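See structure below.
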Amino acid sequence: MFILGMNRNDRVKITNEFIVTIAKCGRRFFSHNGNISFFELDHRQRVWFVDSYSKKKIYTHYSHEWKGFTQGGTLKTLIQHIRDYIMAGETKNLNIGPWPSWISNGDLWGYGQDMQQVRDAAYRLGLTQDIKNHGISK
Numbered sequence: 802m803f804i805l806g807m808n809r810n811d812r813v814k815i816t817n818e819f820i821v822t823i824a825k826c827g828r829r830f831f832s833h834n835g836n837i838s839f840f841e842l843d844h845r846q847r848v849w850f851v852d853s854y855s856k857k858k859i860y861t862h863y864s865h866e867w868k869g870f871t872q873g874g875t876l877k878t879l880i881q882h883i884r885d886y887i888m889a890g891e892t893k894n895l896n897i898g899p900w901p902s903w904i905s906n907g908d909l910w911g912y913g914q915d916m917q918q919v920r921d922a923a924y925r926l927g928l929t930q931d932i933k934n935h936g937i938s939k
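Each residue of the sequence shown is one higher than the one before, counting from 802 in this note's numbering.
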């Protein structure tokens, strides 16, 4: 899905709303002591991620270790997919499950029932088009 008229700043706002949803439910990834991680653009329109724990500004286009990123590999991949959305404006189906039962009993993030809130937010915000996995009916 590509929404005409949206610029990178608009997409940053959308993705930050998505990060807030993740931070306020389940295991509260991207949240630490009241701080919530967020995306921002620099003056050259490059995407940066500010980590809630380390409070470090992380350049998301860097292909090696992200110094100051405290969330782990699965969430780093999620951030990279979100970065690509911010840059190009085209949505990808984010890997937010549901996962097969042989992968961490189908609950890779350990969010339990709260994972549905994350999936619903991704769909509502236009970050995924895959409604069959989100329990949302047309």
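Don't be surprised by glycine CBs; every beta carbon is placed ideally from N, CA and C.
Note that the coordinates shown come from a computational prediction; the quantities given were computed from them, not determined experimentally.
Hey, Asn-871 and Tyr-854: beta-carbon distance below 7 Å or not?
Reading off the sequence shown, one finds Thr at residue 871, where the question assumed Asn. A contact, by the Cβ cut-off of 7 Å.
Residue span of the beta strand (DSSP E) that contains Ile-859, given as start and end:
858-860
Are the beta-carbon atoms belonging to Val-821 and Ile-887 less than 7 Å from one another?
no
Met-807 to Ala-889 span [Cα, whole Å]:
10 Å
Go ahead and label Val-919 buried or exposed: buried means 16 or more other beta carbons lie within 10 angstroms of its beta carbon, across all protein chains shown.
buried
Going along the chain, which unbroken runs of the beta strand (DSSP E) with 3 or more residues stay wholly within the stretch 845-902?
848-851, 858-860
Is it true that the CB of Ala-923 sits closer than 7 Å to the CB of Ile-897?
yes
Sort out for me which residues DSSP pairs Asn-836 with in a bridge.
His-833
Terminal residues of the continuous alpha helix (DSSP H) containing Asp-921?
916-925
Enumerate in chain order the residues of its own chain whose CB-to-CB distance from Gly-869 is below 7 Å, with the five nearest sequence positions on each side excluded.
Asp-852, Ser-855, Lys-857, Ile-859
Taking 6 Å as the cut-off, is the C-beta of Leu-895 nearer than that to any heavy atom in the ligand ADP?
The ligand ADP is absent from the structure shown, which contains no ligand whatsoever.
Report the partner residues of Gly-841 according to the DSSP bridge assignment.
The question names Gly, but residue 841 is Glu in the sequence shown. For Glu-841, which the question treats as bridged, DSSP gives the partners Trp-849.
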